[in-house]
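Asker: Residues 1 to 453 (the working numbering) make up the first sequence, in order. Before I ask anything, here is the structure I am working with.
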Amino acid sequence: MAIKRPKGTEDHLPAGSPKLTLDVSAQAHGWVVETARRVLERAGAQRIDTPVFEEADLVKRGVGGSTDIVRKEMFTVYYFGDHGGYVLRPEGTAGIVRAFLQNGLKQLPSPLKLWTHGPMFRAERQQRGRLRQFHQVDYEVLGGSDALVDAEAIALMVSVVRELGLTGVRVKLGSIGDPQDREAYNTYLRDLFTPHLERLSDDSRDRLTRNPMRILDSKSEDDQTLIAQLNVSPMLNFLGDEARANFDAVQGYLRDWGVEFDVDPSVVRGLDYYRRTAWELHHEGVGAKSALGGGGRYDGLAEQIGAQAVPGIGWAFGVERLLIALEAEGRPLPAQAGPVVYVAALEDRLVPAAAAAALAARSTVRAEFAYRSLKPGNAFRDAERRGALFAALIGSEEATAGTVQLKNLRSAEQFTVLLSDLPAFLAAQEQAHLDLTPGTPAHPASPVILENE
RNA sequence: GUGGGUUUAGCUCAGUUGGUUAGAGCGCCGCUCUGUGGAAGCGGAGGCCGGGGGUUCAAGUCCCCUAAUCCACCCCA
């Protein structure tokens, strides 16, 4: 095939597609988003949608000019051969904070809980769970700075993941304190490492100026040896009194609510506008030490993009990574429901009657029809392959009598039903079927779990 | 950006020390089969062997380049 999808993107495919894996299943994506929506809206979050491209300047300030995302992973948007000064969004928070400020949302009851879902873009080299266009579910709370807000945000993220059925997740919780705390810590790290510059890896030497905290989770063995020898004190030891009390309070709430977490000093955020609470959600099934998602408090962000200060906290998880984790756990997904009825004509002249019967049935149930006449055997086979509960046949007898011949493809029971009664009859049959099989989709014949590699 | 693996039919894959017209299973379409299916049998469609260059009498097979893809590093969701 001559034209292929752009590097680092995925098609989300319908059920039954040959190369289907969970992370590429359109239905699985929809299910994750729908599950998240249910959990978040129960908690009072409201949907917000912002453009997939924004002013480059917003993204630079919102994400941070020193990050890899801004330095080398931005998709710039051009139009009419001209440079638009826009970029495809690499994450959701900056756009949401911008929309909050621009549209005067601070007059809504505060704190305001918002959620969204959509594609994000980073021009990276792809690997497992890392795409150039990927999808996030994003939750943000603006206008609240109480430790309760933080704890609730973390608890909600865990709830979404639990509701999806994932078990092997760990919350790694940290705090980066207030700006003066972090400044003190960075000074401490620079003073500590500078005398040993020649022993640091190239990467870490770079980190020493850009983001010293990153040295601590260096993959280099030599770096780790040095860190151990220097007996480096963790960020948490540098928290000021207020940040310390806040961190303790967040942990207290989580323990009260039974939300499990591990305090992990390696969870750090290098950007100036981050404050206090930061966390990541991890799963061993996702490749390359990747997080399923992460979150943090960003009280300094609104000022960073030129507005008055608004406290905020938020998290996002990668839908693809969640699906990879689900696949790793062998979690079954609800399968797509097939039609309740598949209507076929036995003679060419009756095909329009079959179509009309299906259209009428759609007033109550999912209904499809064959576009040409079929022999009964083929009609049943086709109906079965579409996952239908009933096949309906219209032959000359039925056409004369104004009926259809209905066959339950599971039980082989047959019914002769008046066309005028068909919608009500099928609705009742579907209900009976759902009652018989609680919690399972009306499509048991179709594959429920996709192949693991 | 760095390193490694892979690439043959819609899918999963065979294809010998280079040898004539490139195969299998599954899937798809049709027939056996004009009023009751899932089976079976038979038949059919479907390939520039990722692309380009080279070596050779001869390349799916050997060499070089390139692309795509997967994995890891960096970083992140």
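Just so you know, even glycine gets a beta-carbon here, dropped at the ideal spot from N, CA and C.
1) Should the stretch 186–195 be regarded as contacting the stretch 243–254, the criterion being three or more beta carbon pairs within less than 8 angstroms?
2) Any idea if L58 is buried or exposed, counting beta-carbon neighbours within 10 angstroms, 16 or more meaning buried?
3) Is the Cβ-Cβ distance between Q115 and Y79 less than 8 angstroms?
4) If you draw a straight line from the alpha carbon of L346 to that of L359, how long is it in whole angstroms?
5) Check whether the Cβ atoms of G62 and K106 sit closer than 8 angstroms, and answer yes or no.
6) Taking only three categories from DSSP, how would you classify A337?
7) Among R5, P6, K4, S25, which has the Cα closest to the Cα of L13?
8) Could you tell me whether the Cβ atoms of Y86 and A56 are closer together than 8 angstroms?
9) Please state if the CB of Q136 and the CB of M120 are separated by a distance shorter than 8 angstroms.
10) Measuring only the C-alpha atoms, how far is E242 from R199?
11) Would you kindly work out how many angstroms separate the C-alpha atoms of Q180 and V33, rounded to a whole number?
12) Identify the continuous beta strand (DSSP E) that holds E284 and give its terminal residues.
13) I'd like the ranges of any beta strand (DSSP E) spanning at least 3 consecutive residues and lying wholly in the stretch 7–50.
14) Between which two residues does the alpha helix (DSSP H) carrying E329 extend?
15) Indicate the three-state DSSP secondary structure (helix, strand or coil) for Q460 in the structure shown.
16) If you draw a straight line from the alpha carbon of K4 to that of S411, how long is it in whole angstroms?
17) For V310, name the three-state secondary structure that DSSP assigns.
18) Determine the closest residue to V404 out of A388, L422, G387, with distance taken between C-alpha atoms.
Answerer: Result, derived from the coordinates:
1) No: the two stretches stay apart, fewer than three of their Cβ pairs being nearer than 8 angstroms.
2) By the 10 Å Cβ count, L58 comes out buried.
3) The sequence given here places Trp at residue 115; Gln does not occur at that position. No. Outside cutoff.
4) Taking the straight line from one Cα to the other gives about 18 angstroms.
5) Taking C-beta atoms as the reference points, G62 and K106 fail to come closer than 8 angstroms.
6) In the structure shown, A337 falls within a coil segment according to DSSP collapsed to helix, strand and coil.
7) It is S25.
8) Yes, the Cβ-Cβ distance between Y86 and A56 is below 8 angstroms.
9) Between M120 and Q136, the C-beta spacing is below 8 angstroms.
10) About 36 angstroms.
11) Rounded to the nearest angstrom, the two C-alpha atoms are 38 angstroms apart.
12) Counting along the chain, E284 falls outside any beta strand (DSSP E), and DSSP gives it neither H nor E.
13) Counting only runs of 3 or more, we get nothing.
14) Careful: E329 lies outside any alpha helix (DSSP H) and carries neither H nor E.
15) It is not possible to answer for residue 460, since the shown part of the chain is limited to 1 through 453.
16) Straight through space, the alpha carbons of S411 and K4 are spaced by roughly 45 angstroms.
17) Coil, per DSSP.
18) With distances taken between Cα atoms, V404 lies closest to L422.
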